[in-house]
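Residue numbers (the numbering used here): 3 to 208.
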């Protein structure tokens, strides 16, 4: 099981007049962080009438719609934020995750590459791109992508776990086990990595 890709922080740290003031934004962020997504979406849409060019609000709408399973609406919201701020790498990353999770790994990879073009150190995009490549059966390319994520963020347990699964796909069970162990060294309570390591050990008849 690959690590779940969560959406990037929905707050875009831009201080422009087109963004709502913090006292209006905070209740919305509270709703989103408490997983009250329908209420967050409703409030964000209301605020958009007042701040139609708020990247933050469009991004929150995208993340909330995605959380509610309304993927088309989520992509529309993220695309809207890109019209306002074309260099918003996280929006491309979020679109990539939706495409990947809905069975379009090739389109997802295009989106991740766009994110990385803007922000080359966006390690989560390399990790997610690795999973999309793995979905397409391009295991070696997937491993390279996970390695790139780890190069940027050496304590990235999820990337080690996902790389372990790709190595297991290749039949490199020893290397896969090493990768899972590395994930557990960073994150000792990582249940998925223990489970995956168990499967790799079982593959070795150990």
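All C-beta atoms in this analysis are idealised placements derived from N, C-alpha and C, irrespective of residue type, glycine included.
Pop quiz: residue i and residue j are said to be a contact at Cβ under 8 Å. What is the actual Cβ separation, rounded to whole angstroms?
i: residue 61; j: residue 80; result: 7 Å
i: residue 43; j: residue 59; result: In fact, because the Cβ distance is near 10 Å, the residues do not count as touching under 8 Å.
i: residue 114; j: residue 127; result: 5 Å
i: residue 129; j: residue 160; result: 6 Å
i: residue 111; j: residue 135; result: 7 Å
i: residue 205; j: residue 175; result: 5 Å
i: residue 65; j: residue 96; result: 7 Å
i: residue 179; j: residue 202; result: 5 Å
Between which two residues does the alpha helix (DSSP H) holding residue i run?
i: residue 29; result: 24-35
i: residue 131; result: 125-137
In chain order, what residues of the same chain lie with their CB nearer than 7 Å to the CB of residue i, ignoring the 5 residues before and after it?
i: residue 125; result: 151, 154, 155 and 158
i: residue 184; result: 162
i: residue 123; result: 154
i: residue 20; result: 53, 55 and 56
i: residue 147; result: 128, 131, 132 and 135
i: residue 39; result: 66, 69 and 70
i: residue 142; result: none
i: residue 26; result: 49
i: residue 91; result: 117, 120, 121 and 124
i: residue 76; result: 64, 67, 68 and 100
Given residue i, which residues of its chain have a CB within under 8 Å of its CB, disregarding the five upstream and five downstream residues?
i: residue 181; result: 162, 163, 165, 166 and 169
i: residue 37; result: 69
i: residue 192; result: 159, 163, 185 and 186
Looking only at its chain, what residues have a beta carbon closer than 6 Å to the beta carbon of residue i, apart from the 5 residues adjacent to it on each side?
i: residue 207; result: none
i: residue 116; result: 94
i: residue 87; result: 57
i: residue 195; result: 163, 182, 185 and 186
i: residue 189; result: 159
i: residue 137; result: 107
i: residue 3; result: Note that residue 3 scores 46 on pLDDT, short of 50, meaning its location in the model is unreliable; the coordinates nonetheless yield the value given after this. Here the set comprises 194.
i: residue 109; result: 101
i: residue 45; result: 30
Quick one: is the Cβ of residue i within less than 8 Å of any heavy atom of the ligand HEM?
i: residue 131; result: Only the bare structure without any ligand can be found here, which leaves the ligand HEM out of the picture.
| field | Contiguous beta strand (DSSP E) assignments of at least 3 residues, all confined to the region 50-120 | value | Restricting attention to beta strand (DSSP E) runs no shorter than 3 residues, the region 50-120 encloses none.
| task | Run through the region 149-195 for me and flag every whole alpha helix (DSSP H) of 4 or more residues, listed as ranges in chain order. | result | Taken in chain order, the complete alpha helix (DSSP H) segments of 4 or more residues contained in the region 149-195 are 159-172 and 175-188.
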